[in-house]
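4 protein chains.
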Amino acid sequence: MYRHLTETRIRYGETDQMGYVYYGNYALFFEIGRVECMRSLGISYKWLEQQGVHMPVLELHCKYLHPARYDDLIRIETRITDSPTSRIRFEYRIMNETGTLLTEGATTLAFLSAETGKPLRAPQALRNVLAPFFP
Amino acid sequence: MYRHLTETRIRYGETDQMGYVYYGNYALFFEIGRVECMRSLGISYKWLEQQGVHMPVLELHCKYLHPARYDDLIRIETRITDSPTSRIRFEYRIMNETGTLLTEGATTLAFLSAETGKPLRAPQALRNVLAPFFP
Amino acid sequence: MYRHLTETRIRYGETDQMGYVYYGNYALFFEIGRVECMRSLGISYKWLEQQGVHMPVLELHCKYLHPARYDDLIRIETRITDSPTSRIRFEYRIMNETGTLLTEGATTLAFLSAETGKPLRAPQALRNVLAPFFP
Amino acid sequence: MYRHLTETRIRYGETDQMGYVYYGNYALFFEIGRVECMRSLGISYKWLEQQGVHMPVLELHCKYLHPARYDDLIRIETRITDSPTSRIRFEYRIMNETGTLLTEGATTLAFLSAETGKPLRAPQALRNVLAPFFP
Numbered sequence: 000m001y002r003h004l005t006e007t008r009i010r011y012g013e014t015d016q017m018g019y020v021y022y023g024n025y026a027l028f029f030e031i032g033r034v035e036c037m038r039s040l041g042i043s044y045k046w047l048e049q050q051g052v053h054m055p056v057l058e059l060h061c062k063y064l065h066p067a068r069y070d071d072l073i074r075i076e077t078r079i080t081d082s083p084t085s086r087i088r089f090e091y092r093i094m095n096e097t098g099t100l101l102t103e104g105a106t107t108l109a110f111l112s113a114e115t116g117k118p119l120r121a122p123q124a125l126r127n128v129l130a131p132f133f134p
Numbered sequence: 000m001y002r003h004l005t006e007t008r009i010r011y012g013e014t015d016q017m018g019y020v021y022y023g024n025y026a027l028f029f030e031i032g033r034v035e036c037m038r039s040l041g042i043s044y045k046w047l048e049q050q051g052v053h054m055p056v057l058e059l060h061c062k063y064l065h066p067a068r069y070d071d072l073i074r075i076e077t078r079i080t081d082s083p084t085s086r087i088r089f090e091y092r093i094m095n096e097t098g099t100l101l102t103e104g105a106t107t108l109a110f111l112s113a114e115t116g117k118p119l120r121a122p123q124a125l126r127n128v129l130a131p132f133f134p
Numbered sequence: 000m001y002r003h004l005t006e007t008r009i010r011y012g013e014t015d016q017m018g019y020v021y022y023g024n025y026a027l028f029f030e031i032g033r034v035e036c037m038r039s040l041g042i043s044y045k046w047l048e049q050q051g052v053h054m055p056v057l058e059l060h061c062k063y064l065h066p067a068r069y070d071d072l073i074r075i076e077t078r079i080t081d082s083p084t085s086r087i088r089f090e091y092r093i094m095n096e097t098g099t100l101l102t103e104g105a106t107t108l109a110f111l112s113a114e115t116g117k118p119l120r121a122p123q124a125l126r127n128v129l130a131p132f133f134p
Numbered sequence: 000m001y002r003h004l005t006e007t008r009i010r011y012g013e014t015d016q017m018g019y020v021y022y023g024n025y026a027l028f029f030e031i032g033r034v035e036c037m038r039s040l041g042i043s044y045k046w047l048e049q050q051g052v053h054m055p056v057l058e059l060h061c062k063y064l065h066p067a068r069y070d071d072l073i074r075i076e077t078r079i080t081d082s083p084t085s086r087i088r089f090e091y092r093i094m095n096e097t098g099t100l101l102t103e104g105a106t107t108l109a110f111l112s113a114e115t116g117k118p119l120r121a122p123q124a125l126r127n128v129l130a131p132f133f134p
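Here is the structure:
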């Protein structure tokens with residue numbers, strides 16, 4: 000298992016008139032979580048795209064326990080719990096500054112060739128850096 | 000079961016650099032689906048809020064089968080498959096103009112008092128209009 | 000001068016906790032305005048891109064007079080007031096259902112070669128359909 | 000004059016299919032700029048709202064010189080060039096990591112009573128912390 004923690008601050012434009020973060024915006028926070036998780040492993044998603052690898056999302060799940068609010072400095076915990084194959088799954092937990100768990104979620108992404116659109120095996124560079132965590 | 004169909008056109012700002020609709024934006028399309036589904040039953044969500052009822056999303060699930068693209072006129076099919084209690088579940092299917100199923104999803108929403116934040120039973124007006132579909 | 004009118008409904012996710020539409024979202028409404036304005040002339044922006052023409056925005060101006068609110072069916076009036084050169088300017092007025100002017104704005108866009116990034120003259124097809132309006 | 004610098008990283012969901020940041024998303028970056036600018040002066044916008052002050056945007060202007068791209072760590076420079084009255088103007092310059100100026104812009108915001116919607120004079124706390132910069 001590999002686990003990473005990052006944070007971001009809620010923007011006014013991310014709230015809605017209920018006074019909380021709009022439910023669709025958590026997809027952006029999950030994106031931040033997985034991108035920074037990969038960066039912490041030495042793999043930038045931008046670089047992966049430049050190598051011709053696209054990672055479209057296949058599935059998203061999100062459970063809203065408590066609302067995030069404007070100006071909250073949320074903590075995004077991202078976990079990779081399984082060795083990637085032609086897919087990779089990320090699990091997320093979002094907490095506020097007082098440690099309250101606000102949201103739990105998960106995404107499954109594919110590895111595709113940007114050129115052909117065909118599925119790929121997880122890039123060697125990613126498998127290498129993750130190998131120590133899945134002995 | 001109650002089923003409703005509406006459509007919306009993909010905006011440029013809803014795409015990302017992969018050339019498809021960003022995965023988080025489907026939450027907006029699901030919102031359109033359920034709001035128009037309720038409107039077709041004679042219940043406007045705006046009116047519900049004015050009656051003091053909030054409907055925060057408790058859970059979101061989304062499965063991405065094929066990408067929606069810029070300028071696609073997507074069709075959003077929304078279904079209510081169970082009589083609402085203190086919660087209501089909407090199921091969605093998004094198709095493009097050629098009928099290809101792009102996305103499947105579901106959301107569960109609560110009914111809360113805007114004043115106290117406490118759970119409410121589904122509003123009587125909504126239960127009345129849905130009653131014929133759940134005999 | 001060429002003038003076109005279209006409409007769109009305000010989504011919940013487009014509001015913010017002030018209870019109005021977030022100021023940045025008007026850029027999306029202006030996009031709808033100019034895209035539908037061009038479509039009404041027989042030119043789809045999607046088709047222009049397929050011909051290798053990109054139209055990045057060079058300048059945006061927006062004046063907020065009254066707020067748009069959730070569920071408002073706003074009317075977007077788009078005007079082309081000058082014959083396009085290597086640039087095209089669109090002017091916008093957004094009104095609510097009661098005819099109140101909510102927002103005024105304008106954007107200037109360039110025509111660029113998608114391949115080289117170099118400026119282009121306005122595509123012939125667009126100049127042809129606009130010619131009758133700028134005698 | 001008061002000047003403040005902050006930074007944020009471009010999210011994938013902020014790009015569009017042209018491969019750059021969507022033009023409407025700069026409004027979010029300007030929001031980050033002015034909020035962090037005020038925070039650096041000891042005034043949180045969240046706190047202002049809790050004091051009953053709303054700050055809707057009256058006018059937005061944005062000039063796009065070069066595109067911001069996915070994963071860019073952009074620098075947002077925010078300037079207050081005049082002492083606030085019943086309005087406050089912020090000027091922005093957005094640069095990428097190599098110092099290239101990408102975007103220039105400005106917003107004018109009002110101070111309104113959240114309760115009555117009536118214009119207010121700039122809050123005393125804000126005028127106090129800005130006073131040394133406008134002698």
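Protein chains in written order, with numbering that gives the first Met the number 0: chain G, 0 to 134; chain V, 0 to 134; chain E, 0 to 134; chain U, 0 to 134.
Here a beta-carbon is modelled for each residue, glycine too, at the ideal position from N, C-alpha and C.
Drop a sphere of 10 angstroms on the beta-carbon of E96 of chain U, count the other beta-carbons inside from all chains shown, and report buried for 16 or more, exposed for fewer.
-> With fewer than 16 other CB atoms across the displayed protein chains lying within 10 angstroms of its CB, E96 of chain U is exposed.
How is the alpha helix (DSSP H) around Y25 of chain U delimited, first residue to last?
-> Unbroken alpha helix (DSSP H) run through Y25 of chain U: Y25 to S39.
Alpha carbon to alpha carbon, what distance is there between I42 of chain U and F132 of chain U?
-> Here the alpha carbon of F132 of chain U sits roughly 15 Å from the alpha carbon of I42 of chain U.
Every unbroken beta strand (DSSP E) inside the segment 105-129 of chain U [3 residues or more] = Fully enclosed beta strand (DSSP E) runs of 3 or longer: not present.
Using a C-beta to C-beta distance shorter than 8 Å, which residues of chain E count as neighbours of G12 of chain V?
-> Contact of G12 of chain V with chain E by beta-carbon distance below 8 Å involves A26, L27 and E30.
F133 of chain G, DSSP secondary structure in three states | In this structure, F133 of chain G counts as coil in the three-state DSSP scheme.
Answer yes if the segment 97-110 of chain V comes into contact with the segment 35-49 of chain E, meaning at least three C-beta pairs across the two stretches below 8 Å, and no otherwise.
-> Touching, no.
Considering only residues of the same chain and omitting the five flanking positions on each side of V34 of chain U, which have a CB-CB separation below 6 Å?
-> Answer for V34 of chain U: Y44, listed in chain order.
According to a CB-to-CB cut-off of less than 9 Å, which residues of the segment 64-93 of chain V neighbour chain U?
-> Of all residues in the segment 64-93 of chain V, only R68 and Y69 place a beta-carbon less than 9 Å from a beta-carbon of chain U.
Rounded Cβ spacing between K62 of chain U and G32 of chain U (contact assumed at less than 8 Å) = Contact flag wrong, Cβ pair sits at about 15 Å.
Could you tell me how far apart the beta carbons of G23 of chain V and G12 of chain U are, in whole angstroms, since I believe they sit closer than 8 Å?
-> Between G12 of chain U and G23 of chain V the Cβ distance is about 6 Å, and since that is below 8 Å, they are a contact.
For P55 of chain G, which residues of its own chain have a beta-carbon under 8 Å away from its beta-carbon, when the five flanking residues on both sides are left out?
-> Closer than 8 Å at Cβ, skipping near neighbours: L108, A109 and L111.
Using the beta-carbon count (16 or more within 10 Å), is R10 of chain G buried or exposed?
-> The residue is buried, with at least 16 neighbouring Cβ atoms inside 10 Å.
Near E58 of chain U, what residues of its chain come up, given a Cβ to Cβ distance below 7 Å and the 5 sequence neighbours on each side ignored?
-> Taken in chain order, the residues that qualify are T106 and T107.
Would you verify that the beta carbon of M17 of chain V is, or is not, closer than 8 Å to some beta carbon of chain G?
-> Yes, its Cβ sits closer than 8 Å to a Cβ of chain G.
Using the C-alpha atoms, what's the distance from T115 of chain E back to V52 of chain U?
-> Each residue's Cα considered, the two are about 49 Å apart.
Between the Cα of V20 of chain G and those of V:G18, V:R126 and V:A26, spot the shortest distance and give me the residue it belongs to.
-> Minimum Cα distance to V20 of chain G is reached at V:A26.
Compute the Euclidean distance between the alpha carbons of R74 of chain G and E90 of chain V, then round it to the nearest angstrom.
-> When only Cα atoms are considered, R74 of chain G and E90 of chain V end up about 30 Å apart.
With C-beta atoms as the reference, is E40 of chain G less than 8 Å away from L129 of chain G?
-> Note that residue 40 of chain G is Leu in the sequence shown, not Glu. Yes, these two residues count as a Cβ contact at 8 Å.
Indicate the three-state DSSP secondary structure (helix, strand or coil) for E58 of chain E in the structure shown.
-> Judged by DSSP in its simplified three-state form, E58 of chain E adopts strand.
Taking the alpha helix (DSSP H) that E48 of chain V falls in, what are its first and last residues?
-> That run of the alpha helix (DSSP H) goes Y44 to Q49.
Please state whether DSSP places E147 of chain V in a helix, a strand or coil.
-> Any question about residue 147 of chain V goes unanswered here, given that chain V covers just 0 to 134.
Within chain V, the residues that L57 of chain G reaches when beta carbons sit closer than 8 Å | Residues of chain V passing the Cβ test: K62 and Y63.
Residues near C36 of chain U in its chain [Cβ-Cβ closer than 6 Å; skip 5 each side] | Excluding its 5 nearest sequence neighbours in each direction, C36 of chain U has C-beta neighbours in its own chain below 6 Å: H3 and T77, listed in chain order.
Alpha carbon of Q123 of chain V to alpha carbon of R86 of chain V, nearest angstrom = Distance between the alpha carbons of Q123 of chain V and R86 of chain V is about 13 Å.
On the three-state DSSP scale, how would you describe E90 of chain E?
-> E90 of chain E sits in a strand when the DSSP states are folded into three classes.
Limits of the unbroken beta strand (DSSP E) element including L72 of chain U | Annotation: the continuous beta strand (DSSP E) that includes L72 of chain U extends over L72 to I79.
One or two residues paired with T102 of chain E in a DSSP bridge = T102 of chain E is bridged to E:Y63 and E:I93.
Check Y22 of chain E in the structure and name its three-state DSSP category.
-> Looking at Y22 of chain E - three-state DSSP - the assignment turns out to be helix.
Does any CB atom of chain E fall closer than 8 Å to the CB of K45 of chain V?
-> Yes, K45 of chain V counts as interfacial toward chain E.
Report the residue from G:L64, G:F29 and G:G18 whose alpha carbon sits nearest the alpha carbon of L100 of chain G.
-> Per the Cα distances, G:L64.
When you compare each of U:F28, U:D81, U:M94 and U:D70 to Q16 of chain V by their alpha carbons, which one comes out closest?
-> Of U:F28, U:D81, U:M94 and U:D70, the smallest CA-CA separation from Q16 of chain V is found for U:D70.
Please report the Cβ distance between T80 of chain U and A121 of chain U, rounded to the nearest whole angstrom; I am assuming they are in contact, meaning their Cβ atoms lie under 8 Å.
-> Between T80 of chain U and A121 of chain U the beta-carbon gap is near 14 Å, outside 8 Å, which marks them as no contact.
Beta-carbon proximity check, T7 of chain G vs F28 of chain G, cutoff 8 Å = Yes, the pair counts as a contact, with Cβ atoms nearer than the cut-off.
Under three-state DSSP, which class holds Y1 of chain U?
-> Residue state, collapsed to three classes: strand.
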